[in-house]
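Peer 1: Below you'll find the structure I mean.
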Amino acid sequence: MTLDLADCAFSGPALPEPFLRTGLELTASAGLEATWDNLRVGLRSGGEHRVHTFITTRITTALGYARPVRQAPMMTREGAEDAGWLAQARDGGSLRVWSFGEETDLDAGARTPRTSRSSPMRVAQRVLLASGERVGLLTNGAVLRVVLCDPVRADSHVSIDIGDWRSRPLPPDSFRILMNLTGAEVLPNLPTLLDAARLHQARVTKDLRRQAKEAITGFINALPERGGLEAETLWREALVLVYRLLFILKLESPAEPGAGFSFASAALWSGALSPNRALGPLVRRHLDQGHATGRMLEGGLRLLFAIFRGGVACAELRIVPLGGALFGAASTPALDRLVWGERAVAILMDRLIWTTTPGGARARVHYGSLGVEELGGIYESLLEQEPGIADEPLRRMRRGKVEAMVPAAGAPADVPEGHFFLRAGLGRKASGSFYTPREFVRFIVRETLGPAVAAASPPDDPHPVRLLAVKVVDPGMGSGHFLVEACRFLADALLTACRIADERGLHNRIAALPDPDNSLAAYLPSRGWAEAQARAICRRLVAVHCLYGCDRNALAVELAKLSLWLESYAEGLPLTFLDHRLVQGDALTGPFFENLTTLPVTGGGLDPLLAAGVAERLQAALARAQHLVRALDASIGRDVLDLERKQGLKQRLDAALHPLRQLARAWAGGAMGGERDADDVWLALAAHVADAGGWPDRLTPRQQVLLDAGADAVAWDLVFPEARGGFAAVLGNPPWDVVLPNTLDFVSGVDPGVLDAPASERAAVQRAVLSRPAVAAAFERYRAGFDRLKRIAGQLYQHQRIGVGGDTTAGNLDLFRLFAERAVRLAGADGAIGLLVPSAFHANEGTTGIRRLYLQETRIAWCLSFENRRRIFDIDSRFKFNVLVAHRPGPTHAFRAGFYLDRIEDADRFMVYDLPFLTASGGPNLTPLELRGPDELAVARVMFQRADRLRAWCGSRRIRLGRDLHMTGDAGCFQPAGAADLVLHEGKTFHQYTDRWDVAPRYSVATAAIRPAIAEAALHYRLVFRDIARATDERTMIACIAPPGTVFGHTATVEKAPWARSIADALALCAVFNSFPFDWLVRQKAATHLSLYILDALPMPDLPEHEWRFLAQGALLLSCQHAGYDALRQALPDDPPLPAVRQDVLRARIDAVVARGYRLTREGYAQVLRGFSHRSWPEAPALCLDAFSAEPAPPR
111 MTLDLADCAF SGPALPEPFL RTGLELTASA GLEATWDNLR VGLRSGGEHR VHTFITTRIT
171 TALGYARPVR QAPMMTREGA EDAGWLAQAR DGGSLRVWSF GEETDLDAGA RTPRTSRSSP
231 MRVAQRVLLA SGERVGLLTN GAVLRVVLCD PVRADSHVSI DIGDWRSRPL PPDSFRILMN
291 LTGAEVLPNL PTLLDAARLH QARVTKDLRR QAKEAITGFI NALPERGGLE AETLWREALV
351 LVYRLLFILK LESPAEPGAG FSFASAALWS GALSPNRALG PLVRRHLDQG HATGRMLEGG
411 LRLLFAIFRG GVACAELRIV PLGGALFGAA STPALDRLVW GERAVAILMD RLIWTTTPGG
471 ARARVHYGSL GVEELGGIYE SLLEQEPGIA DEPLRRMRRG KVEAMVPAAG APADVPEGHF
531 FLRAGLGRKA SGSFYTPREF VRFIVRETLG PAVAAASPPD DPHPVRLLAV KVVDPGMGSG
591 HFLVEACRFL ADALLTACRI ADERGLHNRI AALPDPDNSL AAYLPSRGWA EAQARAICRR
651 LVAVHCLYGC DRNALAVELA KLSLWLESYA EGLPLTFLDH RLVQGDALTG PFFENLTTLP
711 VTGGGLDPLL AAGVAERLQA ALARAQHLVR ALDASIGRDV LDLERKQGLK QRLDAALHPL
771 RQLARAWAGG AMGGERDADD VWLALAAHVA DAGGWPDRLT PRQQVLLDAG ADAVAWDLVF
831 PEARGGFAAV LGNPPWDVVL PNTLDFVSGV DPGVLDAPAS ERAAVQRAVL SRPAVAAAFE
891 RYRAGFDRLK RIAGQLYQHQ RIGVGGDTTA GNLDLFRLFA ERAVRLAGAD GAIGLLVPSA
951 FHANEGTTGI RRLYLQETRI AWCLSFENRR RIFDIDSRFK FNVLVAHRPG PTHAFRAGFY
1011 LDRIEDADRF MVYDLPFLTA SGGPNLTPLE LRGPDELAVA RVMFQRADRL RAWCGSRRIR
1071 LGRDLHMTGD AGCFQPAGAA DLVLHEGKTF HQYTDRWDVA PRYSVATAAI RPAIAEAALH
1131 YRLVFRDIAR ATDERTMIAC IAPPGTVFGH TATVEKAPWA RSIADALALC AVFNSFPFDW
1191 LVRQKAATHL SLYILDALPM PDLPEHEWRF LAQGALLLSC QHAGYDALRQ ALPDDPPLPA
1251 VRQDVLRARI DAVVARGYRL TREGYAQVLR GFSHRSWPEA PALCLDAFSA EPAPPR
């Protein structure tokens, strides 16, 4: 049912209007009409007391609450503030309300020095935040406002015009909405409702991504003539058209009443130019009814784009030329030459203006409720696509997210011959970049920038201009999501500083801002408070002075500029106003100036004989450029003359730095290529720059190769010399992909059929696909890109591979690790870093170097690990990712941590990990335990007080663990089960204390076919444990003693030299492995893969000798289940046999001994036991706790 919400106005992202209109399931309320009648007849407006008595109190009663009680003032960050009234519900819930007289503007503060800081709305938001409440009501008798407060997301509200409620005989839909948001019965479900709204908005965005793709393909395929253009050109330029139109649709659809751009309210715009209101009706008539429209649609759209490209000025309408890659004259040269045709334009506009509701009805897309970040997300999703034109009928083949186009061969074709198509390729998502939900971005920005803001402009000593020196960078910015949020945060801080300075009469500090027209001061409280206008000016100041970014994709850079243009309401400025701050390039491959004193390939310093004085003269050239930087920094552009002077200095600076920037690009090209002669080629360039002070007029062919290869490299301290001392904050969600060519992914993109091939044949199928010349050439280019990045990473990054305990932490190079290391390099001496990265940051062995870097060089403030169960990212729900916030300088002494989180607001599960605990529990690789809350942390602190670790314990007893065979690599020697003399077990074929489980062994192996060391080990009883823990497994650590005649695949870890140790030690270790306490420790380190890297650092229980013997005897009894163990029964001849007892009781006693060895209390042991489901052994907790409480058995 579509609701009539004409009397409602919406602000903020929490409750988009389309969700409330069509997506909200209204709860049926018995007696709703009677409740409405009782409410409306008593409504009266007037002064504050009258409003409270006749409106606020009656509304809270209708919502199911008791009479509101006046509250004492509450302390917020602004001091003691009006806490309103509190209405209690029967179930203990409450709703906070505020009442004001009808003359009060809810969005404007009173004109007194104290209260001009904030409007009633702002006070209510701060009080709700301080009290931990999510929702409140405030009213002035004419408007009733539902305020939604969220500590991690932007605040939102719904304003309801209640002026005519008294005259309405039936309850309006706005009242139904009010009941379903704030009613006493439904208020506890508000978080669920807000989640539903978020998912609804995510579906809208997802649908719009699909429709944008359909708009491009439909437009191109409906063109009367394509002029022989290649698919890539059509795709690239049509993408620009789509984003132009999305941009304009967003411009004319303000997010809230009173906001937006001036031209959108002009009659000329709405009547003749608006794509929604003027052209939209023609689109539907053309497509639905076949009306001939001449060239009105094509001409209208071309005129619309031309206006934004060249600008227009008349009495009613003024739009400045926007320029840039979206609206520049050379943005779409190929498509501009073609005739588009009415049908093509109609399809393009239809797919971007209308959508289909879940009920099947058509509805307009509500661009006002879409944030600029969501528009950026639409574009980023399109980057996954690869274009093509079918040279024969094609059908789509999909395997998961892999898609390929194959000949239809007589089957129904998905793409007719000659048609343009898009398919999912190895685009941006394949490189690990995903749209980041705003609540995470907001948290990261707040926690990263908060200390810098407080230091630059404390509340008790505001200095607005200092905030413009807080420089923020996102080195992999995409469409600018993090920069947009940083703009909001810094602008709010700037506005607050200006407001406080204005109240205190510190007008000279406001005048010091680079605001040539002094426009901000006109909107501050002392001269007429207009918060929205003041905030927009602050955002423009921040965008121009504080924000920096980089991305490899040129159009992504343009969209980041567009996002900041929209967010700062930069009407009157071209889209190029941030050209010098947001740049296209590769953030990872650029050297710093210090690298230019080394050779690009061998990495050695410049030879004093062959390159005498080159380094010194390059340093002198940089010093001259830095003199210009200091002159630029000496002024911030207060007036027109100052701005002109700064422009001249900037041009001189760019000219001075140009040779060094080119030299840095050539250095990067040499390092990526790796040819030995590149050192000499580059050195000749460096000598010329040092001697002549400029770039050569002509380059040799080899020098040109180096320059071309490194053309995208961003040398940060040369491109942004004003930030040479480092940025105040480095933000972002860097790509997460491994720097390793994935042959299967590449080949399946060409032919998904390779995924259907049996594992044994897949390599041959891949070779056959790669043997095609065109595919082979493309694969070589694909692979060469990884090789180039690896070479330069070896020169520029020192923390990717380090030594730990005699071993080298390696693993495959990962882009997020490179970005994480570069972030530390980019951050200033007092800078901060806020990143969203995979959970590999805290969990993997290969990231040990990065963890150490952050622990030593920064103070980690937050390391929060989230699961993707709420589908925050469009990837596997089991994937985990980290929110990481760190501040320089280091080292880290303690940080706040959380694991297996669902929401950023799960504060009750946050913990503090101090460095001694991390050192004790993380082993030499400093891998944090994945604990689920403070209770588990208390248990872990006790257990990790044990000094003995598994690796040392095994070493002292000569127990060596490893792998026998690989299920793929050694598959050639496998035979059917029973055909050869050795049984081949896999992890799924054994369980705790037994080698016979639900799944029987599939294979056998001949002794002669395997390595002699494995064959010799297979003659003994051996300890083995599963390497893989499946989601369906009740236990993570599963170990047994395997009888002679068995070998194991790689999903099990087994003893390698059983002849070197005592069987009693192996049995005792088997008992420890199968205990709940040890399994609990394993679970804090591993989810699915139990590597020795994880297990080696786990503590062992501290037990007297007689209890170790008890564990060995107990494991012996539990293991000897069939004739294969007859010889094992005699393994402990010197120990008296244990008394006869049920197996479950014996297991409980073993478990209790291990728990006591870890010095657990009964409550701590109970906490451990609560970490398991006990599906197959429900009696376990009671039996184990009874055994734990019993007197320990005396030595025997």
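Per this note's numbering, residue 111 is the first one in the sequence shown, and the count goes up by one each step. Backbone N, C-alpha and C define an ideal beta-carbon position, used for all residues, glycine too.
Quick one: grab the DSSP three-state call for CYS597.
Peer 2: As a first step, residue 597 is located in the sequence shown; it is residue number 487 there, counting from the start. It is helical.
Peer 1: In the DSSP output, which residue or residues are listed as bridge partners for GLU513?
Peer 2: Position 403 of the sequence shown, counted from the start, is the residue given in the question as residue 513. The partner list for GLU513 (beta bridge, DSSP) reads ARG508.
Peer 1: GLN1085 and SER1066 - do their beta-carbons sit closer together than 7 angstroms?
Peer 2: As a first step, residue 1066 is located in the sequence shown; it is residue number 956 there, counting from the start. As a first step, residue 1085 is located in the sequence shown; it is residue number 975 there, counting from the start. No. Outside cutoff.
Peer 1: Quick check on ARG792: buried or exposed, where buried means 16 or more other Cβ atoms within 10 Å of its Cβ?
Peer 2: By 1-based counting over the sequence shown, the position of residue 792 is 682. Looking at the sequence shown, residue 792 is not Arg but Trp. TRP792 comes out buried.
Peer 1: DSSP beta-bridge partners for HIS997?
Peer 2: Taking the sequence shown and counting its residues from 1, one reaches residue 997 at position 887. In the DSSP output, where bridge partners are listed per residue, HIS997 has ALA942 and ARG969.
Peer 1: Using the Cβ count rule (16 or more neighbours within 10 Å means buried), how would you classify TRP1169?
Peer 2: The residue given as residue 1169 occupies position 1059 in the sequence shown. Exposed.
Peer 1: On a Cα-Cα basis, can you pick out the residue from PHE1009, ALA953, GLY478 and LEU963 that is closest to ASN978?
Peer 2: The residue given as residue 978 occupies position 868 in the sequence shown. Answer by Cα proximity: PHE1009.
Peer 1: If you run the structure through DSSP and keep just helix, strand and coil, what is PHE896?
Peer 2: Here residue 896 is taken as the residue at index 786 of the sequence shown, counted from 1. Correct three-state label for PHE896: helix.
Peer 1: When you compare the CB positions of ASP787 and LEU709, do they come within less than 7 angstroms of one another, or not?
Peer 2: For the purposes of this step, residue 787 is taken as residue 677 along the sequence shown, with counting starting at 1. For the purposes of this step, residue 709 is taken as residue 599 along the sequence shown, with counting starting at 1. Not closer than 7 angstroms, so no.
Peer 1: To the nearest whole angstrom, what separates the beta carbons of GLU1015 and GLN1194, a pair I think is in contact under 8 angstroms?
Peer 2: What you label residue 1015 is simply residue 905 of the sequence shown in a count that begins at 1. What you label residue 1194 is simply residue 1084 of the sequence shown in a count that begins at 1. Contact doesn't hold; Cβ gap of about 23 angstroms is too wide.
Peer 1: Of all the options PHE550, ARG1145, VAL848 and PRO844, which has the alpha carbon lying nearest to the alpha carbon of LEU1011?
Peer 2: Translated into positions along the sequence shown, residue 1011 becomes position 901. That would be PHE550, whose Cα lies nearest to the Cα of LEU1011.
Peer 1: Determine the DSSP secondary structure at SER209, reduced to helix, strand or coil.
Peer 2: Here residue 209 refers to the residue found at position 99 when the sequence shown is read from its first residue. DSSP places SER209 in strand when its eight states are reduced to three.
Peer 1: Between the stretch 608–628 and the stretch 693–703, do three or more beta carbon pairs fall short of 8 angstroms?
Peer 2: Short answer: they don't touch.
Peer 1: Within its chain, find whatever has a CB closer than 6 angstroms to the CB of ASP1261; leave out the 5 residues flanking it on each side and keep chain order.
Peer 2: For this step, residue 1261 is matched to residue 1151 along the sequence shown. So the qualifying residues of the chain are SER1185, PHE1186 and CYS1294.
Peer 1: Can you name the start and end residues of the beta strand (DSSP E) that ARG474 belongs to?
Peer 2: Position 364 of the sequence shown, counting from 1, holds the residue named residue 474. Per DSSP, ARG474 belongs to the beta strand (DSSP E) from 472–474.
Peer 1: Can you tell me which of the three DSSP states HIS1199 falls into?
Peer 2: Looking up residue 1199 in the sequence shown gives position 1089. Correct three-state label for HIS1199: strand.
Peer 1: Which residue spans inside the stretch 755–817 form an unbroken alpha helix (DSSP H) run of at least 4?
Peer 2: Counting only runs of 4 or more, we get 788–802.
Peer 1: So if DSSP puts MET1021 in a beta bridge, which residue, or which two residues, is it bridged to?
Peer 2: By one-based count along the sequence shown, residue 1021 stands at place 911. Bridge partners of MET1021: ALA1007.
Peer 1: Taking the beta strand (DSSP E) that TYR489 falls in, what are its first and last residues?
Peer 2: Working through the sequence shown from its first residue, we reach residue 489 at position 379. Counting along the chain, TYR489 falls outside any beta strand (DSSP E), though it belongs to the alpha helix (DSSP H) covering 482–492.
Peer 1: Using the three-state DSSP reduction, which class does PRO1209 fall into: helix, strand or coil?
Peer 2: Within the sequence shown, numbered from 1, the residue matching residue 1209 stands at position 1099. Three-state result, PRO1209: strand.
Peer 1: Specify the secondary structure class of LEU611 as computed by DSSP and reduced to three states.
Peer 2: On the sequence shown, position 501 is the one that residue 611 refers to. With the sequence shown as reference, residue 611 is identified as Ala, and Leu is not the correct amino acid for it. DSSP places ALA611 in helix when its eight states are reduced to three.
Peer 1: Please confirm whether THR132 and THR467 have their CB atoms less than 7 angstroms apart.
Peer 2: Taking the first residue of the sequence shown as 1, we reach residue 132 at position 22. Taking the first residue of the sequence shown as 1, we reach residue 467 at position 357. In contact: THR132 and THR467 (Cβ atoms closer than 7 angstroms).
Peer 1: Between the alpha carbons of TYR658 and ARG691, how many angstroms are there, rounded?
Peer 2: The sequence position of residue 658 within the sequence shown is 548, counting from 1. The sequence position of residue 691 within the sequence shown is 581, counting from 1. Taking the straight line from one Cα to the other gives about 5 angstroms.
Peer 1: Could you round the C-beta distance between TRP196 and ARG206 to whole angstroms and report it? I think they count as a contact, below 8 angstroms.
Peer 2: Taking the sequence shown and counting its residues from 1, the one referred to as residue 196 is at position 86. Taking the sequence shown and counting its residues from 1, the one referred to as residue 206 is at position 96. One detail in the question is off: residue 196 reads as Leu in this sequence, not Trp. Indeed, because the Cβ distance is near 6 angstroms, the residues count as touching under 8 angstroms.
Peer 1: How big is the Cα-Cα spacing for GLY189 and GLY203?
Peer 2: If you number the sequence shown from 1, residue 189 lands on position 79. If you number the sequence shown from 1, residue 203 lands on position 93. Roughly 26 angstroms between the two C-alpha positions.
Peer 1: In whole angstroms, what separates the C-alpha of LEU946 from that of ILE287?
Peer 2: Numbered from its first residue, the sequence shown carries residue 946 at position 836. Numbered from its first residue, the sequence shown carries residue 287 at position 177. Cα to Cα, LEU946 sits roughly 36 angstroms from ILE287.
Peer 1: Could you name the residues of the same chain whose beta carbon sits closer than 7 angstroms to that of ASP117, not counting the 5 residues immediately before and after it, in chain order?
Peer 2: Against the sequence shown, residue 117 aligns to sequence position 7. ILE270, ASP271, PRO282 and SER284, listed in sequence order.
Peer 1: Apart from the five residues just before and just after PRO126, which ones in its own chain have a Cβ nearer than 8 angstroms to its Cβ?
Peer 2: In the sequence shown, residue 126 corresponds to position 16, counting from 1. Answer for PRO126: PHE120, ALA307, HIS310, GLN311, VAL314, HIS476 and SER479, listed in chain order.
Peer 1: Going by C-alpha distance, which of PRO806, GLY783, HIS737 and GLY784 is nearest PRO769?
Peer 2: Counted from its first residue, the sequence shown places residue 769 at position 659. The candidate whose alpha carbon is nearest that of PRO769 is PRO806.
Peer 1: Taking the continuous alpha helix (DSSP H) assigned at GLY1224, which residues delimit it?
Peer 2: On the sequence shown, residue 1224 is found 1114 positions in, with the first residue counted as 1. Element bounds for GLY1224: 1215–1229.
Peer 1: For the beta strand (DSSP E) that THR465 lies in, which residues bound it at each end?
Peer 2: Against the sequence shown, residue 465 aligns to sequence position 355. Looking at the DSSP string, the run of the beta strand (DSSP E) that includes THR465 is 464–466.
Peer 1: Under a three-way DSSP split, which group does HIS267 fall into?
Peer 2: Here residue 267 refers to the residue found at position 157 of the sequence shown. Here HIS267 sits in strand by DSSP.
Peer 1: Can you tell me the Cβ-Cβ gap for LEU532 and ALA518, rounded? I've got them flagged as a contact below 8 angstroms.
Peer 2: Walking along the sequence shown from the start, residue 532 turns up at place 422. Walking along the sequence shown from the start, residue 518 turns up at place 408. With 8 angstroms as the limit, LEU532 and ALA518 do not qualify as a contact, their Cβ atoms being about 17 angstroms apart.
Peer 1: Measuring alpha carbon to alpha carbon, tell me which residue in PHE592, HIS396 and ALA869 is nearest ASP1080.
Peer 2: As a first step, residue 1080 must be located in the sequence shown, where it is residue number 970. Comparing Cα-Cα distances from ASP1080 to each of PHE592, HIS396 and ALA869, the minimum goes to ALA869.
Peer 1: Can the beta-carbon of GLY1267 be found closer than 7 angstroms to that of PRO1153?
Peer 2: Translated into the one-based positions of the sequence shown, residue 1267 becomes position 1157. Translated into the one-based positions of the sequence shown, residue 1153 becomes position 1043. No, they are not a contact pair.
Peer 1: Could you tell me whether the stretch 583–591 touches the stretch 520–529, where touching means 3 or more Cβ pairs closer than 8 angstroms?
Peer 2: Verdict: no, contact absent.
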